[in-house]
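The numbering of the sequence shown is numbering that gives the first Met the number 0, which starts it at 0 and goes up by one.
Idealized CB from N, CA, C, for every residue including glycine.
Structure record follows, encoded as structure tokens.
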Amino acid sequence: MLRRWSCCLIAVALAAGCKAPVSPRMNILPPEEGEPDAGAPSTPRPDAATSKPDAAALAKDTAPDLAPDVALPPDAGPIAASGVKVGLVEASQAVFVKIGEGDKVVPTLDRNAALIEKRALFLRVHVVTESGWMARPLRAVLTLAVAGEEQTLEDTRMIAGSSDTQKLESSFNFLVPAAMVKPTTEISVELFEAGSFAGKPPGAPPRFPVEGGADLGIKAGRMVMDVVLVQVSGPSGPLDDSPARRKHLESYLGDVYPVQELNVTWREPIKITAKLGWMAAFKMLQQARIEDDAKPGTYYHMLLAKEDSNDAFLGLGSLAGSTVTDAPNRIAMTNVSKHAVDGEMDTVSHEMGHNLGRNHAPGCNAQGVDERFPYPNTGVGVDGYSIPEAAFKSRLKWKDVMGYCYPTWISDYTWNGFERRQRVISAYPSTMPFQQARSLQGFQAPGSNGEWGVVPGALVEGGAATAQRQARITLASGGTRVVPIDLRLLRSPAGPEPGARQIAVNLPDEEVAAVEVLIDGERLVVPAEVLHR
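Below is the structure:
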């Protein structure tokens with residue numbers, strides 16, 4: 000699908016498992032030094048764990064010999080917060096998922112998005128203050144319970160009033176390490192006074208849930224994504240692929256895709272002496288997959304400098320299916336800006352999104368749209384959070400990565416679509432199933448004969464040949480077969496002429512002498528040398 004001009008707006012990373020819990024006001028994992036966005040706002044790394052308040056200490060606080068309206072002594076122990084209660088509780092691995100609010104826990108099946116195991120998450124605990132509230136510091140203690148093991152994290156901050164979802168500083172915030180994000184993880188949170196306190200101490204601290212623990216609803220299963228990045232070194236020179244820029248792009252992709260691991264391989268650059276058009280580029284990707292004997296679930300993506308491209312668009316991707324034999328369709332390209340591999344990161348993620356089966360989000364003149372997309376103007380619908388960037392992504396500002404509007408983040412709708420598809424891909428066998436099947440795969444622009452190659456697998460599933468769309472296969476033995484074709488637009492039609500498209504034809508077991516493809520009156524002839532390689 001066509002990706003129009005865009006700008007590089009955000010740099011993100013796959014959240015690594017944080018083994019240390021979060022101390023007061025130190026609950027966000029900042030970017031590492033040397034990253035291109037190292038100047039982004041950040042806070043220190045978490046340090047040591049704290050102990051969960053014990054019942055004896057709380058009982059001591061409510062002893063009858065403590066007179067009301069008297070300042071509590073320094074050794075009084077943890078004091079339950081008064082005049083406040085827990086409000087919204089939500090967690091994000093990219094998009095926020097509502098866990099509960101007040102005394103209500105949202106059932107797992109009713110939640111808006113999936114949370115996956117072994118991936119760190121950012122958890123917000125909002126508060127609701129009573130009338131007459133005076134600003135003062137409070138301390139929130141988050142307890143994580145996993146299979147009998149408990150870990151506590153703390154956050155202390157000045158509470159000026161009820162939390163505002165659009166103000167990160169108004170809520171208690173916790174970075175939950177990947178090691179604690181498991182299918183059985185339950186959470187509870189309690190609120191305590193953090194400074195001096197005068198007055199009659201309350202009883203039990205405000206708590207979510209009211210009793211026991213709330214299930215985080217973590218989905219089990221392997222979620223791993225393999226990506227091969229194919230650089231092109233053209234007439235304008237090689238791309239800037241310094242370690243920092245490589246990491247920048249890898250981090251961004253890891254942040255917007257629901258995976259535990261993003262395995263990126265940087266292929267040796269392909270050298271060209273003249274500008275490259277998209278058909279030849281896709282032919283190169285096709286051949287790279289064959290040369291590498293690529294795993295069926297691996298995504299191949301070309302990075303080409305805009306200066307070395309014949310095309311006006313920024314990106315192009317194939318709308319791939321979920322089957323193992325659809326592997327050759329997991330290819331896409333980006334014409335990068337600034338002659339750098341991280342010059343168009345949102346375009347890379349957008350075009351790879353087509354490889355994961357997603358159409359465009361409607362808005363900003365996008366065509367070939369997903370009619371089921373639920374939000375107007377390509378919106379993301381819910382707030383989000385980038386853990387590596389330590390950056391809040393407001394639903395009031397950010398737009399979905401599969402649209403043409405900017406700036407881009409990801410909606411819960413698209414996150415769920417990626418999650419479903421990548422869960423299927425992650426369960427693939429490591430090699431293509433043994434089969435004799437092979438297909439013709441062609442890339443064709445209007446008025447051209449296209450670029451063709453033979454790939455493993457049967458790319459055409461079902462259907463029947465029609466007079467308007469068919470392939471005529473001449474066998475070496477002299478017979479002829481008429482078979483159906485698979486036709487996919489790589490970008491939506493712009494006006495009366497169709498745009499870039501991909502064509503597939505299943506080949507028979509017999510030796511093939513010639514193939515002609517008929518598409519709505521247009522006749523394409525596959526070169527004989529392609530068939531006889």
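Out of Asn309, Lys103 and Glu192, point me to the one whose CA is closest to Arg234's CA.
Note that residue 234 corresponds to Pro in the displayed sequence, not to Arg. The residue with the shortest Cα to Cα distance from Pro234 is Asn309.
Would you decide whether Gln165 is buried or exposed? Buried here means 16 or more other CB atoms lie within 10 Å of its CB.
By the neighbour-count rule (16 or more Cβ atoms within 10 Å), Gln165 is not buried but exposed.
Status (buried if at least 16 other CB within 10 Å, exposed otherwise) for Pro40:
Confidence at Pro40 is low in this model, with a pLDDT of 38, below 50, so its placement is unreliable and the value that follows should be read with caution. Burial call: exposed.
Residues that Ser308 bridges to, as DSSP identifies them
According to DSSP, which records beta bridges pairwise, Ser308 is partnered with Leu275.
Closest to Thr377 by C-alpha separation, out of Tyr384, Ile386 and Gln366, would be which residue?
Thr377 has its Cα closest to that of Gln366, out of Tyr384, Ile386 and Gln366.
Would you call the CB atoms of Asn172 and Val140 closer than 9 Å?
No, these two residues do not count as a Cβ contact at 9 Å.
Grouping DSSP H, G and I as helix and E and B as strand, with all else coil, what is Glu129?
For Glu129, the three-state secondary structure derived from DSSP is coil.
Considering only residues of the stretch 84-145, which uninterrupted beta strand (DSSP E) runs meet the minimum length of 3 residues and lie entirely inside it, listed in chain order?
Look at the stretch 84-145 and you find these whole runs of beta strand (DSSP E), each 3 residues long or longer: 95-100, 120-128 and 135-145.
According to the Cβ coordinates, are Phe207 and Leu137 closer than 9 Å?
Phe207 is not a Cβ neighbour of Leu137, given a cutoff of 9 Å.
Can you check the stretch 409-470 for any alpha helix (DSSP H) of at least 4 residues that lies completely inside it and give the ranges in chain order?
The qualifying runs are 411-425.
When you compare the stretch 474-487 with the stretch 401-415, are there three or more beta-carbon pairs, one atom per stretch, that lie closer than 8 Å?
No, the stretch 474-487 is not in contact with the stretch 401-415.
Quick one: give me the first and last residue of the beta strand (DSSP E) that Ala331 is part of.
DSSP places Ala331 in the uninterrupted beta strand (DSSP E) bounded by Ile330 to Val335.
Since Ser91 and Gly383 are thought to touch, with beta carbons under 8 Å apart, how far apart are those beta carbons, to the nearest angstrom?
About 6 Å; that satisfies the 8 Å criterion.
Delimiting residues of the alpha helix (DSSP H) encompassing Gly253:
Start and end: Pro242 to Val255.
How many angstroms separate the CA atom of Asp399 from the CA atom of Ala93?
Roughly 12 Å separates the two Cα atoms.
Under 6 Å Cβ to Cβ from Asp163, same chain only, skipping five residues before and after it: list those, please.
Answer for Asp163: Ser169, listed in chain order.
Apart from the five residues on each side of it in sequence, which residues of its chain come closer than 7 Å, Cβ to Cβ, to Glu249?
Result list for Glu249: Leu261 and Val263, in chain order.
Report the partner residues of Val504 according to the DSSP bridge assignment.
According to DSSP, residue pairing for Val504 in a beta bridge involves Leu439.
One or two residues paired with Val263 in a DSSP bridge:
According to DSSP, Val263 bridges with Val226.
Environment of Lys305 [buried if 16+ CB atoms lie within 10 Å]:
So Lys305 counts as buried.
Helix, strand or coil at Glu168 [DSSP, three-state]:
Helix, per DSSP.
Starting from Val533, trace the beta strand (DSSP E) in both directions and tell me its first and last residue.
Any question about residue 533 goes unanswered here, given that the chain covers just 0 to 532.
Compare the beta carbon distance of Ala193 and Ala159 with 9 Å and say whether it is the shorter of the two.
Not a contact, by the Cβ cut-off of 9 Å.
Pro445 versus Ala279: straight-line alpha-carbon distance, rounded:
When rounded, the distance between both Cα atoms is 14 Å.
Measure the beta-carbon distance from Gln443 to Asp519 and round it to whole angstroms, keeping in mind my assumption that it falls under 8 Å.
Contact check for Gln443 and Asp519: beta-carbon distance about 12 Å, past the 8 Å limit, so the pair fails to qualify.
Pick out whichever of Asn111, Asn364 and Gly452 has its Cα sitting closest to the Cα of Leu530.
It is Gly452.
Does the distance from the C-beta atom of Pro268 to that of Pro295 stay below 9 Å?
No, the pair does not count as a contact, with Cβ atoms beyond the cut-off.
From Ala203 to Gly101, what does the alpha carbon distance come to, in whole angstroms?
Using only the alpha carbons, I get a separation of about 15 Å.
Tell me where the beta strand (DSSP E) around Leu313 begins and ends.
First-last for Leu313: undefined, no H or E at that position.
For Arg437 versus Leu523, is the C-beta spacing smaller than 9 Å?
Contact flag unset, no.
Terminal residues of the alpha helix (DSSP H) in which Glu528 lies
Counted as a single uninterrupted DSSP element, the alpha helix (DSSP H) harbouring Glu528 occupies residues Ala527 to Leu530.
Ala213 beta carbon less than 9 Å from that of Val104:
Yes. Within cutoff.
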